[in-house]
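Protein sequence lines correspond, in order, to chains V and P. Quick note, the first sequence lines up with residues 1 to 108 if you use my numbering. Quick note, the second sequence lines up with residues 1001 to 1108 if you use my numbering. Where a beta carbon is used, it is the ideal one built from N, C-alpha and C, also for glycine.
There are 2 protein chains.
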Amino acid sequence: MSLPSNNSNFVHHVLFYLKNPNSMEDKASLVKGLQELSKMPCIPFSNIGSPAATTREVIEKDYSISWLCVFESAQQEEVYQVHPLHLAFIENCKHLWQKVVIYDAETF
Amino acid sequence: MSLPSNNSNFVHHVLFYLKNPNSMEDKASLVKGLQELSKMPCIPFSNIGSPAATTREVIEKDYSISWLCVFESAQQEEVYQVHPLHLAFIENCKHLWQKVVIYDAETF
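What follows is the structure in structure tokens.
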């Protein structure tokens, strides 16, 4: 499924700051968990990323993994938040991160 | 145009912190500028948003406007960065913001 570019959407962007940012194993565990999450039907578009090579001063690069979800509505994001698969992901992976920063934005 | 959910993509997420966050006029000017930018063919998916009603502690809500672009590649984001329309947007709108925070993430 894909999203048309002019929809009203709900953007949920999570930046994970890992406890061991240099551990490829920890990073791989988190990515594996997110890859499972990305299969949820309530998430029409998602992206698992890491900081790009761009280097302007205003670019925040200290996180380890970026998890972007675009939902069709705030209601769909609520479905995701309380879904057993999402709760299991948090339970299984929360030992990996020291901090998360989240931006939730609704189409203006 | 729309993006398939399993592509390798480049996420460019800009959070604008306005000088006058309570000015609806300033907000509207910025949104108008972004709406023009969103028509650029090098941006297959974009979203102009404002902080959602979600309220968990880890959610950053102090910005005024969220500008999310998903490009097909880092090269396409470079095309955007130096494009005359983007440079004109910065020139016309930069007086509106006190700060921007940017996350650039490439698919892991």
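Burial state of residue 82 of chain V is exposed, judged by a 10 Å Cβ sphere holding fewer than 16 other Cβ atoms. Ranking P:1015, P:1008, P:1011 and P:1043 by CA distance to the CA of residue 103 of chain V puts P:1015 first. Just measuring C-alpha positions, the residue of V:79, V:62, V:61 and V:91 sitting nearest residue 40 of chain V is V:79. Taking a C-beta cut-off of 7 angstroms against chain V, the contacting residues of the region 1005-1038 of chain P are 1005, 1009, 1010, 1011, 1013, 1015 and 1031, listed in chain order. If you look at residue 99 of chain V, you'll find it isn't in any alpha helix (DSSP H); it sits in the beta strand (DSSP E) that goes 97-107. By the Cβ-count criterion, residue 1091 of chain P is exposed, with fewer than 16 other Cβ atoms from all chains shown falling within 10 Å of its own Cβ.
Counting C-beta pairs closer than 8 angstroms gives fewer than three between the region 1025-1039 of chain P and the region 54-70 of chain V, which falls short of the contact rule.
Interface criterion not met: the Cβ of residue 89 of chain V is under 8 angstroms from no Cβ in chain P. Contact between residue 1043 of chain P and residue 1071 of chain P holds, with the beta-carbon distance rounding to 7 angstroms and staying under 8 angstroms. Rounded to whole angstroms, the Cβ separation of residue 1077 of chain P and residue 1012 of chain P is 6 angstroms, and the two are in contact under 8 angstroms. Taking a C-beta distance under 8 angstroms as the contact criterion, residue 37 of chain V and residue 85 of chain V qualify as a contact pair. For residue 31 of chain V, the enclosing alpha helix (DSSP H) begins and ends at 24-37.
In the DSSP assignment, residue 1047 of chain P falls within the beta strand (DSSP E) that extends over 1045-1051. For the region 42-58 of chain V, the beta-carbon criterion of a distance under 9 angstroms to any beta-carbon of chain P is satisfied by 43, 44, 45, 46, 47, 48, 49, 50, 51, 52, 53, 54, 56 and 58. Closer than 8 angstroms to the CB of residue 1072 of chain P there is not a single CB belonging to chain V. Distance from the Cα of residue 63 of chain V is smallest, within the candidate group V:29, V:18, V:57 and V:94, for V:18.
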